[in-house]
Amino acid sequence: MQRGLVRNKYSVFIILLFVFGSGEVLAVDGLYFNAINSRYLGLAGAGYALGGSPVDVALNPANLSLVKGKKLEFGLGASLIQNRYRDRFQDPNPELVYENDKTTNVVGPGPYIAFKLPVTENINYGVTFYVPGGASGGVDKITRNTPTGESVNQWADVNLPGPLGNSKQIKESNSNTFAVFKLVNGLSVKLGNLSLGGSVELAYGTQKLNQKYYDITGNIEIPGQGYYYESSKNAFALGGILGANYSFSDSFRIAYAYQSHVGIPLNGGYNIGTNDPNYYRKTGVSYTFDLPEKHVLGFAFGPENLKFALDFVYTNYGSYLRKANQTLEDPWLPTPLGKTGSADAHLNFRDQWAVILGVEYKASTSWILRGGYSYNSPLVKSNALGGTTGGFFSLTDIVSAGFSYLFDSWSLDLAVSYNIPRKTIEGGKGTDWDLSHAVGNVGNANLTGYSYNARAGIPSFNIGAVKSFD
Numbered sequence: 357m358q359r360g361l362v363r364n365k366y367s368v369f370i371i372l373l374f375v376f377g378s379g380e381v382l383a384v385d386g387l388y389f390n391a392i393n394s395r396y397l398g399l400a401g402a403g404y405a406l407g408g409s410p411v412d413v414a415l416n417p418a419n420l421s422l423v424k425g426k427k428l429e430f431g432l433g434a435s436l437i438q439n440r441y442r443d444r445f446q447d448p449n450p451e452l453v454y455e456n457d458k459t460t461n462v463v464g465p466g467p468y469i470a471f472k473l474p475v476t477e478n479i480n481y482g483v484t485f486y487v488p489g490g491a492s493g494g495v496d497k498i499t500r501n502t503p504t505g506e507s508v509n510q511w512a513d514v515n516l517p518g519p520l521g522n523s524k525q526i527k528e529s530n531s532n533t534f535a536v537f538k539l540v541n542g543l544s545v546k547l548g549n550l551s552l553g554g555s556v557e558l559a560y561g562t563q564k565l566n567q568k569y570y571d572i573t574g575n576i577e578i579p580g581q582g583y584y585y586e587s588s589k590n591a592f593a594l595g596g597i598l599g600a601n602y603s604f605s606d607s608f609r610i611a612y613a614y615q616s617h618v619g620i621p622l623n624g625g626y627n628i629g630t631n632d633p634n635y636y637r638k639t640g641v642s643y644t645f646d647l648p649e650k651h652v653l654g655f656a657f658g659p660e661n662l663k664f665a666l667d668f669v670y671t672n673y674g675s676y677l678r679k680a681n682q683t684l685e686d687p688w689l690p691t692p693l694g695k696t697g698s699a700d701a702h703l704n705f706r707d708q709w710a711v712i713l714g715v716e717y718k719a720s721t722s723w724i725l726r727g728g729y730s731y732n733s734p735l736v737k738s739n740a741l742g743g744t745t746g747g748f749f750s751l752t753d754i755v756s757a758g759f760s761y762l763f764d765s766w767s768l769d770l771a772v773s774y775n776i777p778r779k780t781i782e783g784g785k786g787t788d789w790d791l792s793h794a795v796g797n798v799g800n801a802n803l804t805g806y807s808y809n810a811r812a813g814i815p816s817f818n819i820g821a822v823k824s825f826d
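Numbering (the working numbering), first residue to last: 357 to 826.
As structure tokens, then:
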């Protein structure tokens with residue numbers, strides 16, 4: 357009965373790391389797209405004081421007062437996560453030596469639709485539905501040693517034939533599908549040169565995880581060693597956004613926006629030993645995924661045909677994502693101290709600062725051109741890197757460009773951006789990923805022979821349209 361349940365004590369750490377896995381879309385603050393719509397993507401994410409788009413209800417709702425009349429906006433954004441993961445294990449025993457070099461390309465879509473409606477001369481209402489982040493990814497059949505350093509047959513208590521069962525190495529595959537959806541409603545009130553706004557956002561999260569072990573050829577799945585996790589259908593949570601802007605003149609405006617923390621209950625269940633009915637187990641899981649709070653101070657300045665947007669962003673990751681915890685209904689997780697129903701993952705995220713500068717130039721009555729740059733402080737160091745988190749949490753630079761073509765009552769918008777991969781991040785010693793892979797002979801574990809690193813680039817695009825009804 358133990359065969360399907362016994363595994364390395366750090367395996368649940370890897371499960372939790374998948375919450376921030378290589379398939380996730382991120383940008384300026386590590387978890388989200390660079391921008392919701394095409395206009396702001398062309399500005400590298402700036403616009404909290406510039407305003408003028410229906411999606412402002414989800415960014416700074418006070419800016420709804422800057423949108424004249426009724427407007428409908430919709431479009432589709434997408435990011436291509438280009439991640440390269442490499443690792444190797446060195447040991448005096450040649451049976452334990454291996455090396456991996458895997459490149460993955462994952463597309464994450466981000467549709468959106470927003471509507472803005474004037475209620476009175478000084479009150480405006482906005483609503484938007486959008487996907488702030490999510491995609492599908494993982495690592496596929498990377499070579500690794502068995503968690504104990506024993507042969508496959510000894511470790512998994514199976515009877516694979518000949519060299520397959522005697523090998524001390526296996527293939528490991530992980531997959532992650534994760535997404536967050538938001539429906540936001542908000543109002544703005546204009547009081548002279550001051551506008552105040554507030555929004556309520558309903559967030560929904562969904563996640564599926566899968567892990568499998570194969571023999572060294574990658575053809576035979578090891579019985580009793582796989583798992584499958586899926587969050588429940590009730591992963592809803594409420595959040596809020598408060599904002600303000602003040603116009604000193606037609607050419608200078610200042611704004612502030614606060615987005616609250618949202619804890620999405622990703623409670624669900626694990627199926628253990630999914631490919632072996634003799635060792636199949638199922639247990640419920642209690643887990644909350646924390647979207648951190650955010651503060652933005654923004655400035656907009658310049659004449660009508662040449663506007664600059666400058667935003668300073670602070671995201672409080674450190675208070676919410678230093679560690680993640682899953683609580684299991686059944687204490688099936690074995691450790692040296694016995695089985696446990698609680699597991700921690702040391703994510704070690706840090707608070708992040710960003711400075712974003714965007715410029716919008718009205719070249720004619722039909723064309724508007726945009727460009728932008730964003731610098732972001734590193735979200736993690738090597739002590740938070742995992743094989744499935746990839747290198748993209750280390751991205752610091754974003755460049756972007758875009759344009760709008762205006763005709764009749766329509767605006768057609770297009771933008772692209774690129775998260776520049778400036779360096780390869782080396783994985784730290786003692787991380788959850790390192791400890792789960794740095795193994796050797798039983799009773800004589802090699803904790804120094806394992807090393808790993810990651811590097812990523814993320815090109816993004818967005819195409820959208822705005823329809824004016826007045």
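Note that the Cβ used here is the ideal one computed from N, Cα and C, for glycine as well.
For the ligand FAD, I want to know if residue i counts as a neighbour, meaning its beta carbon is within less than 6 Å of at least one of the ligand's heavy atoms.
i	result
V540	As far as ligands go, the structure on display features none, and thus does not contain the ligand FAD.
Check whether the Cβ atoms of residue i and residue j lie closer than 7 Å to each other.
i	j	result
Y729	L703	no
N661	S394	no
E577	G640	no
V618	A559	yes
G542	V413	yes
S722	L762	yes
S773	V822	no
Y404	A611	yes
Give every residue of the same chain whose Cβ lies closer than 6 Å to the Cβ of residue i, excluding the five residues on either side of it in the sequence, and list them in chain order.
i	result
G694	A caution first: G694 carries a pLDDT of 44, below 50, which makes its placement in the model unreliable, though a value can still be read off. No residues qualify anywhere along the chain.
L666	F655, L713
S544	P417, A418, L420, S421, N480, S551, G553
S733	Q708, W709
G820	N393, S394, G431, D769
A383	Note that A383 has pLDDT 31, beneath the 50 cutoff, so the model's placement of it is unreliable and the number below is only indicative. Same-chain partners within the cutoff: F389, N390.
Roughly how many angstroms lie between the CA atoms of residue i and residue j, to the nearest whole one?
i	j	result
A710	D753	10 Å
P659	V536	38 Å
E429	V483	10 Å
S792	P503	7 Å
K568	S531	9 Å
I479	V715	28 Å
V362	A512	With a pLDDT of 35 at V362, under the threshold of 50, the predicted position of this residue should be treated as unreliable, though the coordinate-derived value follows. If you take the alpha carbons of V362 and A512, they lie about 8 Å apart.
T533	I620	16 Å
N449	A801	12 Å
N549	E477	14 Å
L415	A391	10 Å
Q510	A812	37 Å
D832	Q525	With the chain represented from 357 up to 826, any question about residue 832 goes unanswered, as that position is not in the structure.
G521	R444	22 Å
Using only CA atoms, which one of the options lies nearest to residue i?
i	options	result
D707	I724, F655, V669	V669
N456	K497, P450, F485	K497
G431	L594, P579, V411, L422	V411
F825	D769, F471, L422, E451	F471
W789	N775, A810, Y774	A810
N681	F645, V715, F705	F645
R609	L406, L397, G401, G813	L406
S642	Y808, N623, L594	N623
S523	Y774, T499, V475, Y441	T499
Q615	K650, S756, G805, S588	K650
G408	N601, F592, N515	N601
R442	G433, T459, K427, S435	T459
S588	N515, T573, G625	G625
Which same chain residues end up closer than 7 Å to residue i when comparing Cβ atoms and leaving out the 5 residues on each side of it in sequence?
i	result
A719	L725
S607	F657, G658, P659
Of all the alpha helix (DSSP H) runs that stay within the bounds of the segment 586-653, which reach a length of 4 or more residues? With a minimum length of 4 residues, no continuous alpha helix (DSSP H) run stays inside the segment 586-653.
List in chain order: all unbroken beta strand (DSSP E) runs of 3+ residues lying wholly within the segment 401-461. Runs of the beta strand (DSSP E) inside the segment 401-461: 427-445.
Jot down the residue ranges of each uninterrupted beta strand (DSSP E) in the segment 468-518, minimum 3 residues, whole runs only, in chain order. Fully enclosed beta strand (DSSP E) runs of 3 or longer: 479-501.
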